[in-house]
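Each residue of the sequence shown is one higher than the one before, counting from 76 in our numbering.
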Amino acid sequence: MSKFPYPKNDAATDAPLIDVIKKRWSPLAFSNKPIEPEKIQALLEAMRWAQSSRNEQPWRLIYATKDDAEDFERLSSLLTEGNSWAKDAYFLALGCTVPNHVYKNKPNRMAMYDTGGAISNIFLQAVGMDLVAHEMGGYDKEAAYKVLEIPQDIIVTAMIAIGYPGDESKIDQDKQKKRFDQHQERKDLPEVAFKGKWQ
Ligand SMILES: Cc1cc2nc3c(=O)[nH]c(=O)nc-3n(C[C@H](O)[C@H](O)[C@H](O)COP(=O)(O)O)c2cc1C
Numbered sequence: 076m077s078k079f080p081y082p083k084n085d086a087a088t089d090a091p092l093i094d095v096i097k098k099r100w101s102p103l104a105f106s107n108k109p110i111e112p113e114k115i116q117a118l119l120e121a122m123r124w125a126q127s128s129r130n131e132q133p134w135r136l137i138y139a140t141k142d143d144a145e146d147f148e149r150l151s152s153l154l155t156e157g158n159s160w161a162k163d164a165y166f167l168a169l170g171c172t173v174p175n176h177v178y179k180n181k182p183n184r185m186a187m188y189d190t191g192g193a194i195s196n197i198f199l200q201a202v203g204m205d206l207v208a209h210e211m212g213g214y215d216k217e218a219a220y221k222v223l224e225i226p227q228d229i230i231v232t233a234m235i236a237i238g239y240p241g242d243e244s245k246i247d248q249d250k251q252k253k254r255f256d257q258h259q260e261r262k263d264l265p266e267v268a269f270k271g272k273w274q
């Protein structure tokens, strides 16, 4: 059991949804409590079983836990000041994409799309195991190539923080409220789902 209750910010959905979608949100409070190795294995396995164009599985993940201070520091050093809350999380990762098809080495237009899908699998698996997760585009991309020794032809996508829920009372209350409210802000369905043709 985590030290703190699972954060309650369930999506105010207009239709009944499965639990992991309803419960998922991106909180700012993370506990540094270790995640059990079998749960970490399950997070990675969830990525592995995502669907992908031509089954190329173009995603790659560089991850570290607080158990290895050097690895963790390498990843956490990339975060922008605004995302420093993520340093509390036990698990940090950077999602990467192999941009070309294996076959003929031509650009794979679906590579980023597939990687996003695989990361989504990780998030839903996390929520299903009472963990919280938050994605971040705010990190030093140039430094990432250098610090993590990523080949130049690879595309870096988002960083990911995963952990047990933390104490939300420790987060600046304005920021906390803004984050809480932002999660509930959704476009209306007719703005994003078109029946039959583009509208
Ligand atoms: C690719 C991507 C990049 C993001 N970058 C950041 C970030 O740098 N910092 C941050 O606090 N949240 C970041 N977020 C979280 C979004 O702000 C959040 O998902 C969005 O407001 C919807 O809220 P919810 O995830 O709680 O539903 C990012 C999310 C995604 C998918």
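Using N, Cα and C, we set each Cβ at its ideal position, and we do this for glycine too. What you are looking at is a predicted structure, and each value in this text was computed from that prediction instead of being measured.
Unbroken alpha helix (DSSP H) stretches of 4 residues or longer found wholly inside the region 85-127: 94-98, 112-123, given in chain order. Uninterrupted alpha helix (DSSP H) stretches at least 4 residues long and entirely within the region 124-183 occur at 144-151, given in chain order. Counting the other CB atoms within 10 Å of its CB gives Q116 a total below 16, which places it among the exposed residues.
No Cβ-Cβ contact shorter than 8 angstroms links I230 with M122. At the C-beta level, I110 and Y165 come within 8 angstroms of one another. Cβ-Cβ separation between A201 and I237: approximately 5 angstroms, consistent with a contact (criterion under 8 angstroms). Set against 7 angstroms, the gap from the CB of M211 to the closest heavy atom of ligand 1 is smaller.
Collapsing the DSSP output to three states places P82 in coil.
Beyond the five residues adjoining it in sequence on each side, V222 comes within less than 6 angstroms, by CB distance, of R149 in the same chain, given in chain order. In the DSSP secondary-structure assignment, G238 is bridged to V207. Remark: the C-beta of A233 is in contact range of ligand 1, defined as less than 7 angstroms to any heavy atom. Between K181 and A125, the alpha-carbon positions lie close to 22 angstroms from each other. Comparing alpha carbon positions, the residue from T232, F105, E266 closest to V173 is T232. Pairing G191 with L136 gives a Cβ-Cβ distance that is not under 8 angstroms. Between Y214 and T155, the CB-CB gap stays under 8 angstroms.
For W160, same chain residues with a beta-carbon under 6 angstroms away, outside a window of 5 residues either side, are L103 in chain order. When distances are taken from the beta-carbon of S159 to the heavy atoms of ligand 1, even the shortest one reaches 7 angstroms or more. In this structure, the straight-line span from the alpha carbon of N84 to that of S127 is close to 31 angstroms. Collapsing the DSSP output to three states places A193 in a helix.
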